[in-house]
Each structure stands twice: as structure tokens, then as C-alpha cells.
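Enquirer: Input: one structure, supplied below.
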Amino acid sequence: MKKIYMAGVGGMLGEAFYKQFKGDYELRCSDIDVNEEWLSYLDFREEQSYRKEILAFNPDFLFHVGAHTDLEYCELHEKDAYETNTRSVEYAVSISNDLNIPLLYVSTAGIFDGKKDVYDETDQPNPLGHYARSKYLGEIYVQEHAKDFIICRAGWMMGAGMKKDKKFIKKIIKQIVDGEKVLHIVNDKLGTPTYTQDFASNVKLLIEKKQRGLFNMVCGGFTGRLEVAHELIQLLGLRDSVKVKEVTSEFFAEEYFAERPECERLLNNRLDDLGLNIMRDWRIALKEYLADYYPSIVK
Ligand SMILES: NC(=O)c1ccc[n+]([C@@H]2O[C@H](COP(=O)([O-])OP(=O)(O)OC[C@H]3O[C@@H](n4cnc5c(N)ncnc54)[C@H](OP(=O)(O)O)[C@@H]3O)[C@@H](O)[C@H]2O)c1
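Taken in order, the sequence shown gives residues 4 to 302; the numbers are from the working numbering.
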């Protein structure tokens with residue numbers, strides 16, 4: 004079995020990586036939040052510890068997955084944001100180069116400024132805030148310095164259920180579970196949802212097919228927060244009891260003060276060109292996600 008070291012996999016996406024790869028690869032998985040029995044502790048901001056861990060395991064691939072993903076946290080803790088989301092990527096590049104192994108880096112659709120309707124791999128990023136900038140600097144470093152790499156850009160992530168999902172779907176479900184009957188949803192944010200399980204499977208396919216380089220990797224179909232919320236309510240069978248009140252981002256200006264692009268829709272052009280796009284339509288993925296992770300609330 005080939006060996007993969009996965010760093011920063013205690014979160015939403017890490018859960019899917021573990022699930023999709025564990026049967027076919029020998030894994031060592033770490034995070035600063037050791038919330039599973041298959042995780043060990045590693046703070047990848049500490050270069051020597053990171054290097055020591057990887058050398059001891061001697062993997063065939065290094066997945067650098069973790070990051071600070073809370074945009075507001077990154078605005079308020081700029082130094083930590085860049086140390087976590089950029090500097091640690093430089094360590095990952097150096098370690099993987101020394102071992103002559105490929106590096107996987109997970110980037111984000113949020114690196115674009117949102118002025119275009121849709122972005123493919125040839126479009127020029129123009130990050131708006133510290134989260135996006137720190138992630139884009141990581142991308143640039145990998146592209147310029149890694150000898151062997153895959154960069155995959157995810158969109159609006161959904162996955163891992165109540166315990167680990169930190170994003171939109173969980174926030175909406177939490178409000179519903181708490182008894183909220185009117186949901187305030189923004190009508191001015193467009194994007195492409197990305198189911199963590201699809202993302203991890205597609206990464207696995209790229210590895211099996213020995214592909215390298217930069218890939219957009221989002222679920223199919225263009226949408227926005229408003230449509231996703233309506234679909235979610237419909238899938239939960241709550242159309243009659245839960246109402247959506249459309250608002251603009253101004254409504255959440257205090258809570259979500261980090262600047263976000265109006266549009267972060269991605270096209271998986273490179274995956275399509277290679278015939279390796281197995282990302283499903285976001286509606287199908289959302290339906291499966293709810294059935295698998297929230298069976299008690301799907302009617
Ligand atoms: N979530 C999204 O919508 C989204 C979209 C596009 C791309 N991405 C990218 O996808 C990757 C995975 O994100 P995710 O959604 O799984 O986020 P997540 O649920 O927040 O998981 C990230 C994990 O990394 C850990 N981490 C933070 N600093 C670390 C450090 N210094 N050393 C080791 N682990 C550390 C976090 O621990 P703590 O929780 O204790 O901080 C957390 O367990 C990230 O690179 C992110 O930028 C995410």
C-alpha cells in the first residue's frame with residue numbers, strides 16, 4: 004500500500020479524505036484538534052515538528068489540508084492567518100521536495116474578486132481579504148517552488164455533519180433545529196457548493212491517474228446562497244413551515260465583516276478536458292449529504 008501523510012485533517016474536508024482514502028492507502032493523519040482516534044497531534048506551523056513527523060512516516064504523498072477557514076478570524080488575527088495558511092505551506096513544499104514526493108494543496112474559489120460571472124483555471128485571482136490572500140499566497144508558493152504538486156480549489160464546502168461542518172448548510176440547519184421559522188438569506192452571493200466526499204473522491208482519481216497541476220474542483224451547476232437555502236428547505240420537507248426572507252449582505256455586515264466576492268463560481272475545465280470530472284451536481288450531492296449525515300431531520 005502507498006502511504007499518505009495528511010496534515011490538518013481534523014475538520015470538514017479531513018473527514019472525507021480519511022473516509023475516501025483509508026481502505027486503499029496507509030494513512031497518517033494529524034491536526035491541532037485531535038478529535039478522532041485516527042488523528043495525532045501536529046501543529047504544522049512548527050517546521051521542525053512537521054519535518055520530523057513526515058520523515059518518520061516516509062510517505063509517498065503529502066496532503067497539506069488544514070487552514071484557518073474562518074474569514075473573520077483571519078481578518079482579526081492577520082499574523083496567525085498567514086503563519087497558518089501560507090508559511091506552513093512553504094514548509095510543506097520544502098519537506099515534499101526533500102523527499103521527492105508530490106504535495107497536495109487545497110485552495111479556494113474565494114481567491115477571486117467576484118467581478119466575473121464564472122472562473123476557470125486561466126483566470127487571474129485577486130483576493131479581497133486576509134483569508135483569501137493567505138490561501139492564494141500558498142497557491143503561488145506551491146506553483147513556483149514545489150517540484151511535484153496538485154492544487155485543487157474547492158468552492159462552498161458542505162460535509163461532515165453537525166459535529167464538524169462550520170459553514171452555510173450547518174448554520175442554516177442549526178437555525179432550523181433551534182426552531183427558527185424565518186431564515187434571513189443573502190441574495191447577492193453566488194458560488195458553487197462542493198461536497199467534501201465528491202472532492203476527496205476526485206482528488207483520489209487524480210492521484211490514481213497520476214495527474215498534476217492546478218484544478219478547479221467544485222460540484223456541478225451554478226447557484227447562489229438563496230437558491231441553496233430554498234433547496235435545503237425543500238429537501239428537508241419544510242417548505243410550509245420555514246420561510247426565507249431575502250436580504251443583502253448588508254444585513255450581516257456586522258457579523259460577517261470580512262469582504263467576500265459577489266461571485267465565486269468555478270468551472271472545472273481542466274477536469275473536464277481530461278475526462279476526470281466526477282463532481283456531481285450540487286443538488287444531488289446536497290440530497291445525499293443530508294440523507295447520510297442528517298437522517299433524523301430529513302422528512
Ligand atoms: N470550508 C470551506 O468552505 C472551504 C472552501 C474552499 C477551500 N477550503 C480549504 O479546504 C481546506 C480544509 O478546510 P475545511 O473546510 O476542512 O476546514 P476546517 O473544518 O476548519 O478544518 C481545518 C482543520 O485544520 C486545523 N488547523 C488549523 N491550524 C492548524 C495547524 N497550525 N496545524 C494543524 N492543523 C491546523 C483546524 O483546527 P482548528 O479547528 O482547531 O483551527 C481544523 O481542524 C483548507 O485548506 C481550506 O482553506 C475550505
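Ideal placement from N, C-alpha and C gives every residue a C-beta, glycine not left out.
Keep in mind the model is a prediction, meaning the values are calculated, not measured.
Taking 8 angstroms as the cut-off, decide whether the C-beta atoms of V221 and L279 are in contact.
Expert: In this structure, L279 does not lie closer than 8 angstroms to V221 by Cβ.
Enquirer: Out of K207, I188, S299, state which residue places its alpha-carbon closest to the alpha-carbon of G26.
Expert: When only C-alpha atoms are compared, the closest one is K207.
Enquirer: Please list, in chain order, all residues of the same chain as R242 whose beta carbon is under 7 angstroms from its beta carbon, the five residues on each side excluded.
Expert: I236
Enquirer: What first and last residue would you give for the beta strand (DSSP E) that runs through F66?
Expert: 64–67
Enquirer: Does DSSP put S204 in a helix, in a strand, or in coil?
Expert: helix
Enquirer: Within 7 angstroms: the Cβ of G17 and any heavy atom of ligand 1?
Expert: yes
Enquirer: So does G26 have its beta carbon nearer than 7 angstroms to some heavy atom of ligand 1?
Expert: no
Enquirer: Go through its chain and collect everything with a Cβ distance to M160's Cβ below 7 angstroms, but skip five positions before and after it.
Expert: M15, L16, K170, T197, T199
Enquirer: Which of helix, strand or coil does DSSP assign to G227?
Expert: strand
Enquirer: Answer yes or no: do L193 and E265 have a C-beta to C-beta separation smaller than 8 angstroms?
Expert: yes
Enquirer: Between which two residues does the alpha helix (DSSP H) carrying V221 extend?
Expert: Careful: V221 lies outside any alpha helix (DSSP H) and carries neither H nor E.
Enquirer: Which whole runs of the beta strand (DSSP E) in the stretch 28–55 are 3 residues long or more, in chain order?
Expert: You should have 29–34, 42–44.
Enquirer: Enumerate in chain order the residues of its own chain whose CB-to-CB distance from V245 is below 7 angstroms, with the five nearest sequence positions on each side excluded.
Expert: Within its own chain, the residues whose Cβ lies closer than 7 angstroms to the Cβ of V245, once the five positions on either side in sequence are excluded, are I179, K184, L186, I236, listed in chain order.
Enquirer: How many angstroms separate the CA atom of R273 from the CA atom of G182?
Expert: 43 angstroms
Enquirer: Give the single residue among Y28, F225, K22, E75 whose Cα lies nearest to the Cα of D120.
Expert: A check of alpha carbon separations from D120 across Y28, F225, K22, E75 identifies F225 as the nearest.
Enquirer: Tell me which residues share the same chain as E29 and place their Cβ nearer than 6 angstroms to its Cβ, disregarding the 5 neighbours each side in the sequence.
Expert: M4, K6
Enquirer: Determine the contact status of E142 and S110, defining contact as a CB-CB distance below 8 angstroms.
Expert: yes
Enquirer: Entirely within the stretch 124–186 and at least 4 residues each: give me those alpha helix (DSSP H) ranges in chain order.
Expert: As summarised for the stretch 124–186, the continuous alpha helix (DSSP H) elements at least 4 residues long and confined to that stretch are 133–148, 164–167, 171–180, given in chain order.
Enquirer: In terms of alpha-carbon separation, which member of F66, G223, D83, F115 lies closest to T3?
Expert: Residue 3 falls outside the range modelled here, since the chain spans only 4 to 302, and no answer is possible.
Enquirer: With DSSP as the reference, label D243 as helix, strand or coil.
Expert: DSSP, read as helix, strand or coil, puts D243 in coil.
Enquirer: Given A149, which residues of its chain have a CB within under 7 angstroms of its CB, disregarding the five upstream and five downstream residues?
Expert: V96, S99, N100, L106
Enquirer: Quick one: measure Cβ to Cβ for F66 and R31, integer angstroms, because I've assumed they're closer than 8 angstroms.
Expert: Their Cβ separation, rounded to whole angstroms, is 10 angstroms, which puts F66 and R31 out of contact at 8 angstroms.
Enquirer: Just to confirm the assignment, what range does the beta strand (DSSP E) spanning K6 have?
Expert: Run containing K6: 6–10, per the beta strand (DSSP E) assignment.
Enquirer: Can you say whether A19 is buried or exposed, counting buried as having 16 or more other CB atoms within 10 angstroms of its CB?
Expert: buried
Enquirer: Let me confirm a value: R215 is counted as buried when at least 16 other C-beta atoms fall within 10 Å, else exposed. Which label applies?
Expert: exposed
Enquirer: On the three-state DSSP scale, how would you describe D284?
Expert: strand
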